[in-house]
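Listed in order, the protein sequences are those of chains H and C.
Quick note, the first sequence lines up with residues 1 to 715 if you use full-length UniProt numbering.
Quick note, the second sequence lines up with residues 1 to 715 if you use full-length UniProt numbering.
Number of protein chains: 2
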Amino acid sequence: MEPDRAAVAAVLDQVRAGGRTALTAPEGKRIADAYGIATPAEGLAADVDEAVALADRIGGEVVLKVVSPDILHKSEAGGVVTGLRTAAQVRAAFHRICENARAYAPQARIEGIQVQQMLPPGQEVIVGAVTDPTFGKVVAFGLGGVLVEVIRDVTFRLAPVTADEALAMLDSVKAAEVLRGVRGAPPVDRWALAEQLRRVSRLVSDFPEIAEVDLNPVIATPEGAVAADIRVILDDHQPPPRPRFTREEILASMDRLMKPRSVAVIGASNEDGKIGNSVMKNLVNGGFAGDILPVNPKADDILGRKAYRSVLDVPGEVDVAVFAIPARLVARALREVGRKGIPNAVLIPSGFAETGEQALQDEVTAIAREYGIRLLGPNIYGYYSTWQDLCATFCTPYDVKGGVALTSQSGGIGMAILGFARTTGTGVSAIVGLGNKSDLDEDDLLTYFGEDPHTECVAMHLEDLKDGRAFVAAARATVPKKPVVVLKAGRTSAGARAAGSHTGALAGDDKVYDDILRQAGVIRAPGLRDMLEYARALPVLPTPKGDNVVIITGAGGSGVLLSDACADNGLDLMEIPPDLDAAFRAFIPPFGAAGNPIDITGGEPPATYEATIRLGLEDPRIHALVLGYWHTIVTPPMVFAEVTARVVAQARAKGIEKPVVASLAGDTEVEAAAAYLFDHGVVAYPYTTEAPVAALGAKYRWARAAGLLPTPSAH
Amino acid sequence: MEPDRAAVAAVLDQVRAGGRTALTAPEGKRIADAYGIATPAEGLAADVDEAVALADRIGGEVVLKVVSPDILHKSEAGGVVTGLRTAAQVRAAFHRICENARAYAPQARIEGIQVQQMLPPGQEVIVGAVTDPTFGKVVAFGLGGVLVEVIRDVTFRLAPVTADEALAMLDSVKAAEVLRGVRGAPPVDRWALAEQLRRVSRLVSDFPEIAEVDLNPVIATPEGAVAADIRVILDDHQPPPRPRFTREEILASMDRLMKPRSVAVIGASNEDGKIGNSVMKNLVNGGFAGDILPVNPKADDILGRKAYRSVLDVPGEVDVAVFAIPARLVARALREVGRKGIPNAVLIPSGFAETGEQALQDEVTAIAREYGIRLLGPNIYGYYSTWQDLCATFCTPYDVKGGVALTSQSGGIGMAILGFARTTGTGVSAIVGLGNKSDLDEDDLLTYFGEDPHTECVAMHLEDLKDGRAFVAAARATVPKKPVVVLKAGRTSAGARAAGSHTGALAGDDKVYDDILRQAGVIRAPGLRDMLEYARALPVLPTPKGDNVVIITGAGGSGVLLSDACADNGLDLMEIPPDLDAAFRAFIPPFGAAGNPIDITGGEPPATYEATIRLGLEDPRIHALVLGYWHTIVTPPMVFAEVTARVVAQARAKGIEKPVVASLAGDTEVEAAAAYLFDHGVVAYPYTTEAPVAALGAKYRWARAAGLLPTPSAH
């Protein structure tokens, strides 16, 4: 059925006219009916014959309830009789209720007797919708009773949901099995339940003024799903719409920001220790090939380059103006940037919203809007665009070009990104500080990096999202092409409190973030180090083409721990078919362990590693390899690394691209061996069995989200 | 009441006499009665008057059931009537059942009618006991229905449990809140429930032949806890008792192993690449000050030392014989070691149980027992006793003396321990390989390291425990003195399968391990790298004296992530009292964030870090500090490190010992700064907010387990 929007609008008007925000039960029922949300069948009977006719039409057991504006406590008045099956029972109950009501309140106006379907016993579930400060309308599903209240077993999605998304929600709670029938109970009607979710999600999407809907409980049975109770809350205060840019507008301005031909530095300085000096030095020393244009009202030249009194004096087009002046001077200079027609301003200075100067930030944002300038910052370290040799920051240059774009809301985390990248030699396409996000934010960057051919993976640290829906849209457009890793800080209530005091941003409930980021196909990093490791590893790993993971290990002990890690990361250890088992056995000692892990045993020469790894790469049934190396005199670390790199390169030359990760157990020589392997396309770590498998797990999670792998049944 | 053991013994004899292993319901009931395990009141009525009298005695609602060996399906026969309250109802039901039974099966012998108490509605829980292959009798508790079957919300303890342990079990399930009353339900009688657990645990402890007990469900109400059904399974096959040594015997032989005056090397060799050559070199180059005695039937001297044809030719006492000969030669040489009266044999060779040669290993073990030799291994890299400059391995010497003793079941993991320790400069008291554990195992080592004054922390990698109870006893004796960290490999079913194929050891269910290791006060490391980091950090950190953790950070972004990590690790962020807040505020900019984290803001000079850290150390209400450093020009990494180390040292000089951990965000210079801090008693890591807080969390978990802190209410 098509929803009856007019009927809902009429109810909402009536509620507003009454100055209320909460709907009555009959109003809720009318809304449910208008959207085809199943509730118990019911009707109002004026006399006993009408009651009998209604009960007959409803079928099954019914309950009779007195309807009177003068009787609030129906049960206390003897005004409710349940479990009525026959016409005679309905007749008797009708008369009894009328008598009881008269006895209880002789003056009461009795408007009639409500005849309502009695719901059969079934699985109680909760279907609801709320308005999240970050994501707007979200629909919620949980199993009723203890599971949702004590275990908090609930899942969220952006509203509206499709029928498929609604069905997937049923499988997203921990106790999902319950709906399929446990302890001899029959499975519930999943379609009917999904339909309740879909309709509720459409209702709140069609009527933004509906802040909350609660169907609690919904009784799910093999025959259907009926909401025993519906609660609707209105809130007419809608957040003001955020300025939105089209995808083309975002790409056009971001392209000039990330690939500028000319950069002006407002507040460029010759004085050591000044930010305007560091930015100039980094632009120059970083090797930027475009024009570097220092602006300083008091200097003739900066670092040997002609300086301009004002950006208005600069000849020709300028793509980016980097601000390195105190906060209080920004507004004035930004107007000049606007008049000059510069499309991007990078606001390094702090002293805005983060120090309580919200008004100053608002003023600057308004100027930017007036002139059509996009703002990065304020309160940031700047940004790197590595393939342009562009280092517009007050940190130090970074020149290892590669495939990962990293962004951070916090400056401290940006510095950690830089240090980690440098020490590991991580190949980077960009590092961008977002700071107060007065304008440009994660969705703009994601939109750009999604299209940027240099970028193979995007990793973002964030504490909040200004516009969760725009981010989800950007993520959905990007994920089919490349992995998006998110470190969402402020996960826990303690953390969220800290986020509040840091940025003044309202941090959402982490469960909502978690479900919706996953729905958008984002890989969530559990911590800072994980984000950094994923960022380093994901561009190195080829995309797996199937679920079959095989562990080949020289150390049985590593094999056990690598198996643990595979299970932790939802990876499937392949059941090795007999012919493949025999093929592996041909290379390993008779006491080596069969199956998976394949334990080639310690003390084997390089040839054993080589033969088994080659077999693992060349057999098309295997999709990914996890290697466990054990340092021995027979196969020293660097020998293992060279052999492995060579076999992998040979396979790639034949067109065989499979992800290979390695855990190296041994003395300190394994560190150089791991670095060598990483440089040769094998994600390898010393002294850990967890990190290599976590990287592989992240790649698999992305491949699944991107639709490149079949969805597994059990994870 | 005291349990009636004779009554149980009589039932078990009867079951055995019948050749059965499962008890009937009446037999289960008799056992329950003998141990005071509450079950529904019941009795057998021969006639209607007896039934009425029984119902009257039981009180409340009763159910009547026909008892006939010829009627298996009582309900089908109309032989069950429920919900009887009055004498008249009981009478009517009695007659109805008799009529129905006669109609259903005219020839049936009717032995009487069972009159049974009907249990009131309540919370269904499960109380049980099983025989775990590692830990023996364990008692289990879970919430009934979906929670235990779908969510697997269950907890285990070693049987028998005390009343306090039983009460603690009720709080150890995820949905523990349910028992305290949720959704308007009243709380259940916790004491009655705990008493069921205690009695079941005592029953299986008293009668080892009871393999399994299931009370499922137990109906828990505010008035009590009654088992609706009891199931008992026997297994008369008891595992053979393991040879046990007294604590004094273990300490005496371990003392000679770890602090030997003389070490013989069986199979010492002059030939490069031979294990007997590596071991000799490592003993010599490691600087061992005792006698090094090479044994080789074909050499006169090894590495310039006089060699002996047989260990029997060595003059004087020998404490340890290290074996570096092929497996097939071990038995013969071991007899000579026995005849020489050497108390310890270190069996490096592989080729025993791990390659299927179980018989060879059994032979060697039997010889050791015959001569009273304790065996380490076989199939190990050897062992290090750092404070003795003893390196009896085929690896390379390690000489950084310190507080952590590390052991590993696997050789590969042992090599990872060595490499990690060397690269981080971890101070080590011992590294010991356990391999096949034919004799010495984790409990022997734990007993020794618990007493060893050099050892401040014990970290163990293990795949199985030969004797879980001996390990728990050793852990309980050690934990009050020093932390015990365990990496239990084979956590998951996939991992356990790999363990099975690696060692042939039967790996237990991980949930049992997890609960019982926690019960023993052990800190479980989630992965290899975590074990290594805990091992490095725990001896460095002083023990906290209370729960109040304070974060001081220069980077707001780090503060949020550090807060997340505190919540993840069950650490309490202190609510800062107003006077302390004011004291901190005096040192930080006006826009710095109050509360906890204390955000001193970026760009502050060393003096701000110094003043706030000093205040954090000196205020007695604060018990631990988590520092977030942000690399700036104003406070470079090494300056921060030196300032922090100095303030911490000054506090220690005044007797203030508090754990301090730090996360360093910055360019690569933070690596040296972190290493410097670690050397000066501050557990510091670059590029991660998780690792420092995880180390502090591990120290807190130990302090709680050791009874040095109040047990928190919420974690």
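Don't be surprised by glycine CBs; every beta carbon is placed ideally from N, CA and C.
Exercise. What residues in the stretch 390-414 of chain C bring their beta carbon closer than 9 Å to a beta carbon of chain H?
Worked result: 394, 395, 396, 408, 409, 410, 411, 412, 413, 414
For this session: Put residue 39 (chain C) into one of helix, strand or coil per three-state DSSP.
Result: coil
Exercise. Tell me which same chain residues have a C-beta within less than 8 Å of the C-beta of residue 279 (chain C), skipping the five on either side of it?
Worked result: 265, 268, 322, 324, 348, 382, 392, 393, 394
Problem set entry | Own chain partners of residue 713 (chain H) with C-beta closer than 8 Å, once the 5 adjacent residues on each side are dropped | Confidence in residue 713 (chain H) is poor, its pLDDT being 47 and thus under 50, which makes the residue's placement unreliable; the coordinate value appears in the next sentence. Within the same chain, residue 713 (chain H) has no close Cβ partners at all.
Exercise. Relative to the alpha-carbon of residue 7 (chain H), which residue among H:26, H:21, H:255, H:22 has its alpha-carbon at the smallest distance?
Worked result: H:26
Exercise. Cβ of residue 175 (chain H) less than 8 Å from any chain C Cβ?
Worked result: yes
Problem set entry | Under 9 Å by beta carbon: chain C residues contacting residue 686 (chain H) | 416, 419, 420, 423
Exercise. What residues in the stretch 620-647 of chain C bring their beta carbon closer than 8 Å to a beta carbon of chain H?
Worked result: 628, 630, 631, 633
For this session: Determine the burial state of residue 75 (chain C): buried for a count of at least 16 other Cβ atoms within 10 Å of its Cβ, exposed for fewer.
Result: exposed
Exercise. Looking at C-alpha atoms only, which residue of C:590, C:579, C:569, C:613 is the closest neighbour of residue 551 (chain C)?
Worked result: C:613
Exercise. Which residues, in chain order, does the stretch 551-562 of chain C contribute to contact with chain H at a C-beta distance below 9 Å?
Worked result: 551, 553, 554, 555, 556, 557, 558, 559, 560, 561, 562
Problem set entry | Beta carbon proximity, residue 151 (chain C) to chain H, threshold 8 Å | yes
For this session: Answer with yes or no whether the minimum CB distance from residue 202 (chain C) to chain H is below 8 Å.
Result: no
Exercise. Can you list, in chain order, the residues of the stretch 327-356 of chain H whose Cβ is nearer than 8 Å to any Cβ on chain C?
Worked result: 350, 354, 355, 356
Exercise. Among H:287, H:400, H:514, which has the Cα closest to the Cα of residue 427 (chain H)?
Worked result: H:400
Exercise. Based on Cα-Cα distance, which residue from H:473, H:617, H:672, H:620 lies nearest to residue 640 (chain H)?
Worked result: H:672
Exercise. Since residue 173 (chain C) and residue 215 (chain C) are thought to touch, with beta carbons under 8 Å apart, how far apart are those beta carbons, to the nearest angstrom?
Worked result: Incorrect: roughly 16 Å between the Cβ atoms, too far for contact.
For this session: Starting from residue 489 (chain H), find everything on chain C with Cβ-Cβ shorter than 8 Å and list it in chain order.
Result: 557, 560, 561, 564
Exercise. Given that residue 323 (chain H) touches chain B, what residues does it touch there, using C-beta distances under 9 Å?
Worked result: Among the chains of the structure shown, chain B does not appear; the protein chains present are H and C.
For this session: For residue 667 (chain C), decide whether its Cβ has a neighbour in chain H, counting only Cβ atoms nearer than 8 Å.
Result: yes
Problem set entry | Which listed residue (H:154, H:199, H:284, H:180) has its alpha carbon closest to that of residue 164 (chain H) | H:199
For this session: Taking C-beta pairs closer than 7 Å, name the residues in chain H that residue 689 (chain C) reaches, listed in chain order.
Result: 527, 528
For this session: With DSSP as the reference, label residue 217 (chain C) as helix, strand or coil.
Result: strand
Exercise. Going along chain C in order, which residues have a C-beta closer than 8 Å to the C-beta of residue 273 (chain H)?
Worked result: 633
For this session: Check whether the Cβ atoms of residue 465 (chain C) and residue 442 (chain C) sit closer than 8 Å, and answer yes or no.
Result: yes
Exercise. Whose CA, out of H:229, H:208, H:261, lies closest to the CA of residue 240 (chain H)?
Worked result: H:208
Exercise. Which word fits residue 453 (chain C), buried or exposed, when buried means at least 16 other C-beta atoms lie within 10 angstroms of its C-beta?
Worked result: exposed
Exercise. Which chain H residues sit within Cβ distance under 8 Å of residue 591 (chain C)?
Worked result: 354, 355, 356
For this session: Tell me whether residue 604 (chain H) is buried or exposed, calling it buried when 16 or more other Cβ atoms sit within 10 Å of its Cβ.
Result: buried
Exercise. Residue 671 (chain H) CB to nearest chain C CB: under 8 Å?
Worked result: yes
Problem set entry | Closest Cα partner of residue 327 (chain H) within the set H:296, H:307, H:377 | H:377
For this session: For residue 634 (chain H), count neighbouring Cβ atoms within 10 angstroms of its own Cβ and tell me buried if that reaches 16, exposed if not.
Result: exposed
Exercise. According to a CB-to-CB cut-off of less than 9 Å, which residues of the stretch 448-473 of chain C neighbour chain H?
Worked result: 461, 463
Problem set entry | Nearest residue (CA-CA) to residue 114 (chain H), options H:66, H:38, H:252, H:192 | H:66
Problem set entry | From H:547, H:675, H:413, H:698, residue whose alpha carbon lies closest to that of residue 541 (chain H) | H:698
Exercise. Is any beta-carbon of chain H found at less than 8 Å from that of residue 486 (chain C)?
Worked result: no
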